[in-house]
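Participant: Attaching a single structure in structure tokens format; questions to follow.
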Amino acid sequence: MKPLLLALLLAAAGAPGAHRDPGAGAPQREGEAARPVVVASKPFGESYLLAEIFAQLLESEGIGVQRRPGLGATTVAFDALRSGAVDVYPEYTGTGLLAILHEEPRGDAQSVFTEVQRQFNERYGVRWLPPLGFENGYAISVRAETARRYGLATLSDLAKVAPRLSAGLSPDFIQRADGLPGLTRTYGLRFESVRPLDQALKYRALASDAVDVVDGYSTDGLIARYGLVVLRDDLHFFPPYQAAALIGARLANGNPRAVAALTRLSGMLSDSTMRALNERVENGHEPIAAVAGDALRDLHLVDAPAGSTATAGAGGRADRQSFARYLWERRAVLGAQTLRHIALVGVSLLGGILLALPLALVLERASRAAEPTLRAFGLLETIPSIALLAFMIPIFGVGFWPAVAALWLYSLYPIARNTYTGVRDADPAAVHAARALGMTPLQVLRYVRTPLAAPSIMAGIRTAAVIDVGTATLAAFIGAGGLGEPIATGLALADTRLILSGALPAALLALVVDGALAMVERWTRPAPLRHRHDH
Amino acid sequence: MSAPSLSFEHVSKSYGAVQALAGITLPVAGGECLALVGESGSGKTTLLRCVNRLVEPDHGVVRIDGSDAGALDPIELRRSVGYVPQEGGLLPHWRVRRNVELVPWLRGSPDAARLAEEALEMVGLPASTFGTRWPDELSGGQRHRVAVARALAGGQSVMLLDEPFGALDAITRHDLQRLIVELRARRPLTVVLVTHDLSEALLLADRVGVLRAGHLEQVATPDSLISEPATPYVSELLARAGSLRS
Numbered sequence: 151m152k153p154l155l156l157a158l159l160l161a162a163a164g165a166p167g168a169h170r171d172p173g174a175g176a177p178q179r180e181g182e183a184a185r186p187v188v189v190a191s192k193p194f195g196e197s198y199l200l201a202e203i204f205a206q207l208l209e210s211e212g213i214g215v216q217r218r219p220g221l222g223a224t225t226v227a228f229d230a231l232r233s234g235a236v237d238v239y240p241e242y243t244g245t246g247l248l249a250i251l252h253e254e255p256r257g258d259a260q261s262v263f264t265e266v267q268r269q270f271n272e273r274y275g276v277r278w279l280p281p282l283g284f285e286n287g288y289a290i291s292v293r294a295e296t297a298r299r300y301g302l303a304t305l306s307d308l309a310k311v312a313p314r315l316s317a318g319l320s321p322d323f324i325q326r327a328d329g330l331p332g333l334t335r336t337y338g339l340r341f342e343s344v345r346p347l348d349q350a351l352k353y354r355a356l357a358s359d360a361v362d363v364v365d366g367y368s369t370d371g372l373i374a375r376y377g378l379v380v381l382r383d384d385l386h387f388f389p390p391y392q393a394a395a396l397i398g399a400r401l402a403n404g405n406p407r408a409v410a411a412l413t414r415l416s417g418m419l420s421d422s423t424m425r426a427l428n429e430r431v432e433n434g435h436e437p438i439a440a441v442a443g444d445a446l447r448d449l450h451l452v453d454a455p456a457g458s459t460a461t462a463g464a465g466g467r468a469d470r471q472s473f474a475r476y477l478w479e480r481r482a483v484l485g486a487q488t489l490r491h492i493a494l495v496g497v498s499l500l501g502g503i504l505l506a507l508p509l510a511l512v513l514e515r516a517s518r519a520a521e522p523t524l525r526a527f528g529l530l531e532t533i534p535s536i537a538l539l540a541f542m543i544p545i546f547g548v549g550f551w552p553a554v555a556a557l558w559l560y561s562l563y564p565i566a567r568n569t570y571t572g573v574r575d576a577d578p579a580a581v582h583a584a585r586a587l588g589m590t591p592l593q594v595l596r597y598v599r600t601p602l603a604a605p606s607i608m609a610g611i612r613t614a615a616v617i618d619v620g621t622a623t624l625a626a627f628i629g630a631g632g633l634g635e636p637i638a639t640g641l642a643l644a645d646t647r648l649i650l651s652g653a654l655p656a657a658l659l660a661l662v663v664d665g666a667l668a669m670v671e672r673w674t675r676p677a678p679l680r681h682r683h684d685h
Numbered sequence: 082m083s084a085p086s087l088s089f090e091h092v093s094k095s096y097g098a099v100q101a102l103a104g105i106t107l108p109v110a111g112g113e114c115l116a117l118v119g120e121s122g123s124g125k126t127t128l129l130r131c132v133n134r135l136v137e138p139d140h141g142v143v144r145i146d147g148s149d150a151g152a153l154d155p156i157e158l159r160r161s162v163g164y165v166p167q168e169g170g171l172l173p174h175w176r177v178r179r180n181v182e183l184v185p186w187l188r189g190s191p192d193a194a195r196l197a198e199e200a201l202e203m204v205g206l207p208a209s210t211f212g213t214r215w216p217d218e219l220s221g222g223q224r225h226r227v228a229v230a231r232a233l234a235g236g237q238s239v240m241l242l243d244e245p246f247g248a249l250d251a252i253t254r255h256d257l258q259r260l261i262v263e264l265r266a267r268r269p270l271t272v273v274l275v276t277h278d279l280s281e282a283l284l285l286a287d288r289v290g291v292l293r294a295g296h297l298e299q300v301a302t303p304d305s306l307i308s309e310p311a312t313p314y315v316s317e318l319l320a321r322a323g324s325l326r327s
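For the record, the sequence lines run as chains A and B.
Each residue of the first sequence is one higher than the last, beginning at 151 in the working numbering.
Each residue of the second sequence is one higher than the last, beginning at 82 in the working numbering.
Here's what the structure looks like:
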């Protein structure tokens, strides 16, 4: 490996320190008392907003906070809470009962809350604080035009015409007992087709006629924005979904001040308050921090400093700015996110090179182990990114390092395969001559096979880098930051400009990384082969 | 200083069910040039490669100046035997000078640079002109000369030529054949040449061994091979070589 490449990668690896938060590993090295409270959310607007409200409330009490917004889905967030990587996130009682405890839906709101509180404490040592005050149950929505044409008002009405309609549902709604399987049992609901759609994409898909029916939440601001019709759950299938703060054992037992602060929110947020707040975030594209701050001041939970409404006003005006101006105004955040992205890719790629390259050289000597090993690496490539990222949480918690670990696993196959093939198939005449004139096998590997394989090795590293740049955008779902953060948040808030502010730099970064490595590739090529064209 | 003798004693080699060599016994005197001829699959290349242990015989012994090659360290053995493979086999990522320095460098010789220069001079490619070139900047004939220089730069006195000039045009080929004759005139050199070209064998060799399916059909000087072919197969080979030449 040439020193410049190494220096580049090391520089990138150093970058996480420059980012505003130092990664999940860092706090554990400090004393327990100094550890900030890690506040997480799931990747949808209301969850972001509630988490921000939690965070600001804690900060107003002088308690240090680390934000981990937009964790993958229920399992990711809950596993992170249970393993202690996260201290608090907003959860819903119905989700706790069905998706985590895997119990049948039953009872009224109060009895469900009592049940999850008892069982979570016994099984996981995790505590539900008293409910926040509003319910956000499942809402099955259709376009107003669809409701008119078929005369739909209830889910029973929908069941009659469902075979003519296509549904776009969250992947976890399709699986969960309190989702599609239960609806099918209760209402006999069978759609013409069911497509798994990301939480954040569904409403757009519905509005653009790509699907006819979507699932969502009753407090979603986008329901009003697109003028959708929510169908009534006339057979009372959906369980109650009271929102509450779910707190991990360490916070529950070790930080009474934080618990007291969060408990002050109990019963404070009504359905209408929450819908209005969601509306401001999802339709008005106001900054979540500003909306959360306003909510806390309106509820008299924090003191109101002057000029708070001005912040909200600025958010509203943002819609009319040009995209270039928008990017320019976000340059500090985008710069930090880009650096973080480069760090994720750089560290994982460097790790991939350090393992896969020497290993592939060893495999050239132990050719019987080569194919099985490479196939095992190849299998890793087939694990869906989100799943692989989620697997890392029990081991590494949330944040920078689990994402690095997952990206590292993805980088192994292209590097190992290209290195192995390159050294194995290196110019046979040169290899034969080198051996016949008395090079040892190791000398043949070092002086003949490896230099001749350099272009192939670099091609593997290039492939791995481009894969990593793309996959790293998903790392935001486990709280790793990077350019996936504006993409995930933008998807959750249906904010196209926010999505593009992450997606465009990420695409540009992929091109730049590919181009830069292409230059390194040319330069590692043995000199006489340099003028030859790439294949 | 005289070149070492070689001797093949009852050398056998099989690849699975295929017998490549069936107990070949063949002494080669020090300073002699022995050509091995035969069709593809006759075993001539396998026999040659038993000398520097690129092939390990199943049975039998190859002796170099009386000592059993099988008892020597194969790496040291290969560094002491000159070898010119088909197509030359230069390392494409090394300049000419470094290619020729290969064996002295492997042996840790402090004189590697001087030895390489002398070897290049000997094959008619002065290091000052050709030393810094890349192999793919040379003509086919020049590449083969560099390969010969590389085989001899370590002061080797045994040289194995493994179908070395097969892919060259007739004129270049003739030049290289003359080079081999000149080298043998200048320094003591025991040569084993594998070729499918009987006329090349007759031109260069002191004795010619004809192999067929792992057996030696005949070993004789060029003159007696032509005048007294031992088997109908040898006659046929001679007839074909004659008709090709005319």
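Every residue gets a Cβ at the ideal spot worked out from N, C-alpha and C, and that includes glycine.
In this text, all values refer to a predicted model and were calculated from it rather than measured experimentally.
1. What is the C-beta distance between Thr243 (chain A) and Pro406 (chain A), in whole angstroms, given that I count them as a contact (C-beta under 8 Å)?
2. Got a sec? Which residues, its chain only, sit under 6 Å from Leu449 (chain A) by beta carbon, not counting five neighbours each side?
3. Note down the Cα distance separating Ala614 (chain A) from Val581 (chain A), rounded to an integer number of angstroms.
4. Locate the alpha helix (DSSP H) running through Lys352 (chain A), then write down its first and last residues.
5. Quick check on DSSP: helix, strand or coil for Phe550 (chain A)?
6. For Val184 (chain B), which residues in chain A fall below 9 Å Cβ to Cβ?
7. Of the residues A:Asp328, A:Leu396 and A:Thr224, which one's Cα is nearest the Cα of Phe263 (chain A)?
8. Run through DSSP, which three-state label would Gln100 (chain B) get?
9. Can you name the residues of chain B whose CB is closer than 9 Å to the CB of Ile603 (chain A)?
10. Assess, as a yes-or-no matter, whether the region 189–197 of chain B is touched by the region 126–146 of chain B under the definition of 3 or more beta carbon pairs within less than 8 Å.
11. Suppose contacts are defined by Cβ-Cβ distances below 8 Å. Is Val177 (chain B) in contact with Arg214 (chain B) by that definition?
12. Less than 8 Å between CB atoms is the rule here; does Asp229 (chain A) satisfy it with respect to chain B?
13. With 8 Å set as the bound, which would you pick, yes or no: does the beta-carbon of Ala584 (chain A) sit closer than that to a beta-carbon of chain B?
14. Just by C-beta distance, which residues in the region 146–159 of chain B are closer than 7 Å to chain A?
15. For the alpha helix (DSSP H) holding Leu283 (chain B), just list the boundary residues, first then last.
16. Name the chain B residues that come within less than 7 Å of Asp577 (chain A), Cβ to Cβ?
17. From what residue to what residue does the alpha helix (DSSP H) around Ala408 (chain A) run?
18. Please list the partners that Glu317 (chain B) has in chain A, where partner means a Cβ-to-Cβ separation under 8 Å.
19. Tell me whether the beta-carbon of Val548 (chain A) lies closer than 8 Å to the beta-carbon of Gly629 (chain A).
20. Tell me which residue opens and which closes the alpha helix (DSSP H) that Asp444 (chain A) is part of.
21. Taking C-beta pairs closer than 9 Å, name the residues in chain B that Val670 (chain A) reaches, listed in chain order.
22. Excluding five sequence neighbours on each side, which residues of the same chain lie with their C-beta closer than 7 Å to the C-beta of Leu315 (chain A)?
23. Is the Cβ-Cβ distance between Leu183 (chain B) and Arg134 (chain B) less than 8 Å?
24. Since Val616 (chain A) meets chain B, which of its residues come closer than 8 Å, beta carbon to beta carbon?
25. Which chain A residues sit within Cβ distance under 9 Å of Pro199 (chain B)?
26. At the 8 Å Cβ level, is Ala580 (chain A) part of the contact set with chain B, yes or no?
27. Do you know offhand how far Tyr563 (chain A)'s Cα is from Leu509 (chain A)'s?
28. If you pair each beta-carbon of the region 160–173 of chain B with each one of the region 228–245 of chain B, do three or more pairs fall below 8 Å?
29. Quick one: is Gly170 (chain B) near chain A, going by C-beta distance under 8 Å?
30. Return no unless some Cβ of chain B is closer than 8 Å to the Cβ of Val598 (chain A).
31. Can you check whether the C-beta of Pro166 (chain B) is within less than 8 Å of a C-beta belonging to chain A?
32. May I have a chain-ordered list of the alpha helix (DSSP H) segments no shorter than 4 residues that lie completely inside the region 585–638 of chain A?
33. Can the beta-carbon of Gln216 (chain A) be found less than 8 Å from the beta-carbon of Pro255 (chain A)?
34. On the DSSP bridge list, what partners appear for Thr312 (chain B)?
35. Looking only at C-alpha atoms, which of B:Arg288, B:Leu297 and B:Arg321 sits nearest to Ser305 (chain B)?
36. By the 10 Å Cβ neighbour count, where 16 or more other Cβ atoms means buried, how is Ser472 (chain A) classified, buried or exposed?
Facilitator: A quick look at the data gives this:
1. Thr243 (chain A) to Pro406 (chain A), Cβ: 24 Å. No contact.
2. Met418
3. 28 Å
4. Lys352 to Ala357
5. helix
6. Leu587 and Gly588
7. A:Leu396
8. strand
9. Correcting the residue type first, residue 603 (chain A) is Ala in the shown sequence and not Ile. Residues of chain B passing the Cβ test: none, with the nearest at roughly 11 Å.
10. no
11. yes
12. no
13. yes
14. Ile156 and Arg159
15. Leu279 to Leu285
16. Pro173
17. Pro406 to Thr413
18. Under the 8 Å cutoff, chain A gives no residues; its nearest Cβ is about 32 Å from Glu317 (chain B).
19. yes
20. Ile438 to Asp448
21. Neighbours of Val670 (chain A) on chain B: none; closest Cβ ~17 Å, over 9 Å.
22. Phe341, Glu342, Asp362 and Val363
23. no
24. The premise fails here: Val616 (chain A) is roughly 27 Å from chain B at the closest Cβ pair, so nothing lies under 8 Å.
25. The question names Pro, yet the displayed sequence has Glu at residue 199 (chain B). Simply none; closest approach about 17 Å.
26. yes
27. 11 Å
28. yes
29. yes
30. yes
31. yes
32. 600–621
33. no
34. DSSP output for Thr312 (chain B) lists no bridge partner at all.
35. B:Arg288
36. exposed
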